[in-house]
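Going letter by letter, the sequence shown gives residues 8 to 187 in my numbering. The beta carbon of each residue, even a glycine, is placed where N, CA and C say it ideally should be.
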Amino acid sequence: MKNTARGDAFQLERGDSRLTGRLLEGDLDGPLRIEENARPQASLNYAGGVLHGVSQTFHANGRVSARLPFSNDKLEGVASFYGEDGQLLRSASYRRGLLHGEAVSYFPDGTVAERELYSNGVREGLQQRYHPNGKLAMRAQYLNGQALDPGQKYAEDGRPLNAAGKPVSRLKWWWTNGAE
């Protein structure tokens, strides 16, 4: 370790793994890089010994797997999660380390697979799932983490499913929805 006016830089190695960072008055401070076989595994940002700022984790191919905004050691803001091909798989809002706000999951082609709302870590409000063709597959309302009703499910063509899980007849659906 080398002592500098801005803190003690360090590099730890064990086998093919390397950890590089800086200590300030004994606490992690600034970027902490984790590598294995010379490939990045994570880049974490610290301030005064706690996670603070945007941290990233990486897939084996070097692409970002997650971007995680931290404030005082807790997730704060929109976290994003990616597939090995770089495609966005999920984005979720956090406040003080808990899901808070909208969380959206995506199909591999980038279309929305699910939308959920959270309040202080608890599902709250409208939840919607979609078929790969973009049509609504399910809609439910939540209050304090509990479903208010069984929700409504839909066939891939948009028709609601009945209690037996079968799509309502096209005639009934057309009649109740008007001639669209």
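The bridge partners DSSP lists for glutamine 48 come to none. Looking at the backbone, the Cα of arginine 166 and that of proline 47 are separated by about 47 Å.
Here phenylalanine 65 is bridged, per DSSP, to Val71. Taking a contact as a CB-CB distance under 8 Å, the pair histidine 107 and tyrosine 113 does not count as one, their CB atoms being some 20 Å apart. Residue range 119-126 is occupied by the beta strand (DSSP E) that includes valine 119.
Minimum Cα-Cα distance from arginine 136 among the listed residues Val129, Gly128, Tyr161 corresponds to Tyr161. Approximately 7 Å separates the beta-carbon atoms of glutamine 94 and glycine 117; this is inside 8 Å, confirming the contact. The closest CA to that of alanine 171, considering only Gln159, Glu163, Asp164, is found on Gln159. Straight through space, the alpha carbons of glycine 104 and alanine 120 are spaced by roughly 24 Å. Every beta strand (DSSP E) stretch that sits fully inside the region 101-169 and reaches 3 residues is listed by chain position as 105-113, 119-126, 132-137, 143-150.
For the 8 Å CB-CB criterion, alanine 67 and proline 76 do not form a contact. In the three-state reduction of the DSSP assignment, glutamine 18 falls in the strand class.
CA-CA distance, alanine 16 to leucine 30, rounds to 6 Å. Beta-bridge analysis with DSSP links glutamate 43 to Ser24, Arg46.
Separation of alanine 110 and alanine 45 (C-alpha to C-alpha, rounded to the nearest whole angstrom) is 34 Å. Judged by DSSP in its simplified three-state form, glycine 55 adopts coil rather than helix or strand. Secondary structure of valine 175 (DSSP, three-state): coil.
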